[in-house]
Amino acid sequence: MARRVILSLDQDMIFASETSAVSAAQSSSTRRFQCAGWRSVWSPPVPSHHSHGPEPSLRGCAEGVALLSRFPLRGSFSGQPKCWNASCRLVEGFARVGWLAFRVIGIYGFPANRLAASTCNDSLFHMALQVAVSDHIPTIIGGDFNTRVQDLPVWAEYQRHGFQEMFEFWEKRTGEMLPPTCRASTRHDTLLMPPLFQQLLRQASVNTSACLFDSHAPLQATFEVPDRPVVLHRWRMPRTWANLPLSRDDLASAYDGRRPQVLAQQAHCKHKDHVDAAFLAWATAVEESVHDCVAAAHAEDPLACPIRELSQAHRGRFQFRPRLSFPLPKTVRGARQGDYNPPNEITSIVAKAKVRQARRLRTFQTGLAKARRTGDWSDAVCKQLTNEWTAIKKARGYPPRFSSWLLALDHFDVFWANWPPAQWLAEVTEYVCYDADALARLEKQRLAQLATYRGHLDTQSGHSRQQYAALRDQARPPITALPVHISQQATCLREQPDQAAIYSVLDADAFREGAPARLGDVQVLVQAILIEPDDAKVVRLKHESAALPPSALLRQSTDASTGTELHRAFVEYWAPIWLRDTGAARTDALHWDKFMRHLPPSPPQAQTLQNWDPYDEQSWLRQVRRLKTGKATGYDGFSNAELRMLPETALLDLMGLFKLCGTIGWPSHLGSATVSCLAKTDVPQGMQHARPITILASTYRLWASHAARGILQSWGQWFPRHIFGCLPQRSVRDLSLQLECLIERSVQTGESLGGFSIDLVKAFNNIPRQPLKALLQHLHVPSVIIDTWFAFLPLISRHPVFVNDLGCGLLSTTGVPEGDPLSVVGMLALCYAAEYWPRSPGSTLMSYVDNFTWVASEATAMASALDSAQEFCSALCLPIDWSKSFCWSTVGGLRQWFKHRSHQHMPEGTKLQLVDSARDLGVVLRFGPRAKVTGLQKRLHQGHERLTRLAKSFRGLQVKAHMLQTAIWPATFYGLEGQCLAVGKVDAYRSAAAQAMFGKRTSMSPFLACGAVSTRAADPEAYLLAQVLNALARMMRHSPELGEWWLQTAANYDCGPRRVSGPASALAKMLHRQEWTLKPNGVAKGPGHWFVDLRHSSPRAIRDAVNGAWRSLLPSKVGHRNGLSLVLPPAADITEKALSSFGLGEQCHLAQTVVGGFMSAAARSKWDQLQEPQCLFCGALDSKHHRLLHCPALQSIRQPFATLLEWVQSDMPHWLHCPFGVEADQEAFSRLLWRSRAMPLPPGPEELAKYRDFAGFAFLYGRLLQ
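By our numbering, the letter at position 445 of the sequence shown is numbered 468, and the numbering carries on one by one without gaps.
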């Protein structure tokens, strides 16, 4: 019955879940499917139901998975993974459809009524993912998941590998929500698709016509496999040698021996081709030097350096890189009956060649034995055997030749040129199969060891980068599909039979074959794309109507999902932007006359840049040491880690090469770069929702960052104080805090204040180069930097990367690349120009790179600023996105002007959105005391999600505390200086943090968990206060006027029922809540006699004081607990040191005891009716005092520690409940005492002379005593 139902679906492959198939049922079903031409792979048989008869039941438990296919399908050569053997809910198979070979994994999830179903499903999908990413074989996962897989913690890992869930992906692509598959409520019968299958997907539907399987309607998906294999394009990049054991001194010596040739090559450069050769010679000298060091290290210690020499795969830096095609990895086919199969899946070329040779030898051995046995030596048989033996002798994978490889073995001393003897052939076949087995197992072992090594390396020397990445919010998945709407004019060329016609269009390749379209108002089908005799491409349209218009608009709505389609969409969107400027706009600065007439003033301080040497050797070497490892490697092939390992002489020679680029020219291919498009929205609707990040050559980025650092350090000394971003002491948070202070001051004083922010469309990419070059020259940027940079910009060829496929390059005449450090310099120069663009006084421009905000207190100044902003952008052809721009006001006057008058100063059909709050500059800004902060709730919710992920990580207690302080609190509480979180919200974070570090212990104290065990993590309440005090201290140093207002307002603020309106009121409320007092002179005093001086204390001193004061408050927070009414403030450093002497598991258990995570039987019996309050050993009332001090059954254990227990009862009674270290009795008084004692003034010269005489006398007296 089930077989007939499955076959009636008319599908090519089926994921079957909940088969309930015992071993006998699987065997019989396999035979029946084979008779129908189907292949099947089954999970381990499920346990059988109890049977009352003599025969076992053919019906098993509600588990089991099966894979069924009309196409070739087989199980894994190595069988099911060991971790799957205990489950009947996973199955793995390998299918082949034409040229496409892929892995198939079937899953049957745990139902929701199962205990801990979510945890079990997370483990199930984690095991499936481990197998799916163990090699490069494309893997599709399907079945009845019994859960929404996007809700599982493991889903973040699936997204990181590019997987998409079918229902969600189809809705993003088409906007159609497919119906549920189970009882019209859930969509748990689904597929998880890798990027390749996302490209091949053509149709998805749910068969709701009949629920053939219980209450499940099957999900049906159609994938189109192209006639030709899908190939991926990429550059062949060299492997890194940064992980090899190299000696810096040996590397320097080896390079110095080759340096004369490098310098000679540079000295003879007359043309940019010569510069290209000089770059290549320098890179070759570096690689040869590394080769010498590797060879020497291997000769000295082969175990420490197993590599004998620098292989060819490690070479090739600064070479020209063509765009190469690489086929998708595929596994070997299943062998015929009795033929050789490898012990596990293989994907490498060498391993496939060895498997092919083993199968050839087996086939040849069988054929030759048959011919000798039957005496059949016909011409056909002899020719077949000769061809097979010739192919065996020419086999690849056995360098240099198969015969030489075989004779190098001790066992074989002869190789037969013609047909060999049977005994020799059997031994060769056996050894070749053994060699293939060994290589396959070695390949599998290497992949497993690599994964284990990466995890170990992340913990030991990688500073837990992987764990930090796991704590971050789930990144938006890579762009794998975009909706595409094509519209072209079509002209009929000729009619064809069967209601078809040939039409000419502008670009026939833009249309998709086999997809519907509309020609005018007629529905048609794009049947094919044809090539005419004159090589013009046309489309053949099929229609149901009797007549088609001779000329009409042909429209088609499809999607771009393959690499080629996404590359086309990328070029179609970005080419008009990057190639905007042509003719005079590209070559002549006078074309931009409007901008050139209003160049900003160039003060005398700007001329100091002329005295700066951009090729100073020491600053160049310091910049190399600042390079961060782990960054993307560019076209040149050098990684930052490799550049940091180079000797100083090699780095100075590299600097000399960049000097030549400035005087002679750049090698043209060095401008090649990849472009990674980051999605700006969860569901991108086009390339306008992608941010292109250009990854330039690493060595160029080194030169550009060195030049940018020198320019920005000079500009930071004289640029207007309202220009922020990449300048010293001018961060984005400084700008947002100043805005918050201005808004709060306006709210509290009732003074008028308003502003508007404009959003520039693709700001960096629309900057015209000629006016930017003139502006940089006007600001006295060294001409050598300007000429070198602007000579490089036209050479930049952007190659987009989608679904791991490298596209063709796209040049540009407009804009500067995002990812170039000098692009930031250019944008800041435009910010300076905008600062002095003509406008009436009364308004202030506050800019952060490409973010512009104008602030004013009068309507006339606001109108002038609005006109000035539009004129400035118009002069540079910078388009404004008015839909993302907004305005705000704190009082009614300007608000009414924005509502009713501002449109007179804007382009027709546009308007500024008036908002009460907005997310800008990375924070939520409130423009009134009653403004809603909806954007803030999302960040706070994400903080709880991070804490949940931290709780599920297998890390030590102190590592978790460190991650809490350095990863979770900064991301959650960023930008909250102007907010005062409610006590309930802070308590919720404290409880979540305690559970993340210690587990779910209902009896533990969250206050002790966050304040008494570790010094690495601060309580959320203390963290928030320390963050605000540090922000105030920073503003008092860098913006004294606003900082002083903030200080005085917070010091004199009345903490009544008033609402928080900004940083000053928020600080006052937090100080009051934590029992701090702030004086107008900047001195703050807290509990425990802790104090800080905001004018002089360092950020660390402020944090230590706030955390210490919070620990002084803890006795009042935990005094209600048994035994803690008279406890002293905890000393977390003592407890942390004591715990560090134990292992990680013991630390966790002891720490749970410290924070009160365990209850006595008497305490548990108060809420658990099944718990007896009596002691299990003596029958008395079981309390912590009884167990530790009085239980007679434990007397022998207590006896050696009797003295210690007496001291605990007298001096540390709280240890019987929560054993944590505490401060000394008089520690708080000591802080007060030393605070009140001023340091004496330093002695004068006369007193110092007396001290010298006394010291000399003391020394003489000591010698006399001796």
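Yeah, the Cβ is synthetic: ideal placement off N, Cα and C, and Gly gets one too.
Quantities reported herein were computed from a predicted structural model and do not represent experimental measurements.
**Study point:** Opposing strand residues paired with MET869 [DSSP bridges]
**Key:** THR876
request  = Would you check if the distance between the CB atom of VAL755 and the CB atom of LEU564 is smaller than 7 Å?
outcome  = For VAL755 and LEU564, no; Cβs fall outside 7 Å.
Next on the checklist: By alpha-carbon positions, which one of SER1219, GLU115, ALA418 and ARG97 ends up nearest to PRO104?
Outcome noted: GLU115
Under a Cβ-count criterion, where at least 16 other Cβ atoms within 10 Å of its own Cβ denotes burial, should ILE781 be classed as buried or exposed? The residue is buried, with at least 16 neighbouring Cβ atoms inside 10 Å.
**Request:** Run through the region 943-1020 for me and flag every whole beta strand (DSSP E) of 3 or more residues, listed as ranges in chain order.
**Result:** 946-949
Please give the ranges of any beta strand (DSSP E) in the region 347-429, keeping only runs that are unbroken, at least 3 residues long and fully inside the region. 347-350
Helix or strand or just coil, what does DSSP make of VAL455? VAL455 falls in the helix class under three-state DSSP.
>> At the 7 Å Cβ level, is CYS292 part of the contact set with chain D, yes or no?
In response: This model lacks chain D altogether, as it is built from one protein chain only.
Checklist line | Sheet register partners of GLY83 (DSSP bridge) | finding: In the DSSP output, where bridge partners are listed per residue, GLY83 has SER71.
- Message: DSSP has PHE246 in a bridge; who is on the other side?
- Response: Answer by DSSP bridge pairing, in chain order: LEU224.
request  = For the beta strand (DSSP E) containing PHE117, list its first residue and its last residue.
outcome  = 113-120
Q: Go ahead and label LYS375 buried or exposed: buried means 16 or more other beta carbons lie within 10 angstroms of its beta carbon, across all protein chains shown.
A: buried
(request) Tell me whether THR503 is buried or exposed, calling it buried when 16 or more other Cβ atoms sit within 10 Å of its Cβ. (result) buried
**Asked** For TRP107, which option in GLN153, LEU123, GLY915 and GLY83 has the closest C-alpha, if you only look at C-alpha atoms?
**Response** GLN153
Candidates SER769, LEU1173, LEU834 and CYS1033: closest to ALA1087 by CA position: It is SER769 whose Cα lies nearest to the Cα of ALA1087.
Checklist entry - When you compare each of ARG126, LEU175 and PRO500 to VAL156 by their alpha carbons, which one comes out closest? => result It is ARG126 whose Cα lies nearest to the Cα of VAL156.
message = Going by DSSP in three states, GLU1044 sits in which element: helix, strand or coil?
response = helix
Q | Beta-bridge pairing of CYS910 - partner residues as DSSP gives them | A | PHE779 and LEU937
Problem set entry | Three-pair Cβ contact test at 8 Å for the region 253-268 versus the region 612-624 | Proximity of the region 253-268 to the region 612-624 falls short of the contact definition, fewer than three beta-carbon pairs being nearer than 8 Å.
*Does the beta-carbon of ARG744 have 16 or more other beta-carbons within 10 angstroms, so that it is buried, or is it exposed?*
It counts as exposed.
**Q.** Runs of alpha helix (DSSP H) lying entirely within the region 1066-1119, each at least 4 residues, in chain order
**A.** 1086-1096
*Identify the continuous beta strand (DSSP E) that holds PRO823 and give its terminal residues.*
820-825
C-alpha gap between SER66 and ARG112, whole angstroms | 7 Å
**OP:** Would you mind listing the alpha helix (DSSP H) stretches within the region 696-761 that are 4+ residues and don't spill past its ends, in chain order?
**Re:** 721-738
For ALA1174, which residues in the same chain have their Cβ closer than 7 Å to its Cβ, ignoring the five residues on either side in sequence? LEU980, PHE1021, VAL1036 and LEU1162
- Assigned secondary structure, LYS785 (DSSP; H/G/I helix, E/B strand, else coil): coil
From this set, TYR658, GLU640, ARG645 and ARG667, which residue's C-alpha is nearest THR652's C-alpha? ARG667
Task: Span of the beta strand (DSSP E) around CYS515 - done: 505-519
task: Pull up the distance between the alpha-carbon of GLY1285 and that of TRP1257, whole angstroms please.
output: Only weak support exists for where GLY1285 lies, its pLDDT of 44 falling under 50; the value from the coordinates is given anyway. Going by the C-alpha atoms only, they are around 33 Å apart.
In the DSSP output, what is GLN579 paired with across the bridge?
ILE509
PHE38 and GLY129 - do their beta-carbons sit closer together than 7 Å? Taking 7 Å as the Cβ cut-off, GLY129 and PHE38 qualify as a contacting pair.
Just the C-alpha distance for PHE94 and LEU242, rounded to the nearest angstrom, thanks.
Cα-Cα distance, rounded: 19 Å.
Discussion item. Quick check on the burial criterion: 16 or more other C-beta atoms within 10 angstroms. Buried or exposed for LEU1048?
Written reply: buried
Review point. Do the region 721-736 and the region 325-339 meet, that is, are 3 or more Cβ pairs less than 8 Å apart?
Key: Contact between the region 721-736 and the region 325-339 is absent, because fewer than three Cβ pairs lie under 8 Å.
Review point. To the nearest whole angstrom, what separates the beta carbons of VAL1115 and LEU1065, a pair I think is in contact under 8 Å?
Key: In fact, because the Cβ distance is near 20 Å, the residues do not count as touching under 8 Å.
Check: Would you call ARG1134 buried or exposed, if buried means 16 or more other Cβ atoms sit within 10 Å of its Cβ?
Finding: buried
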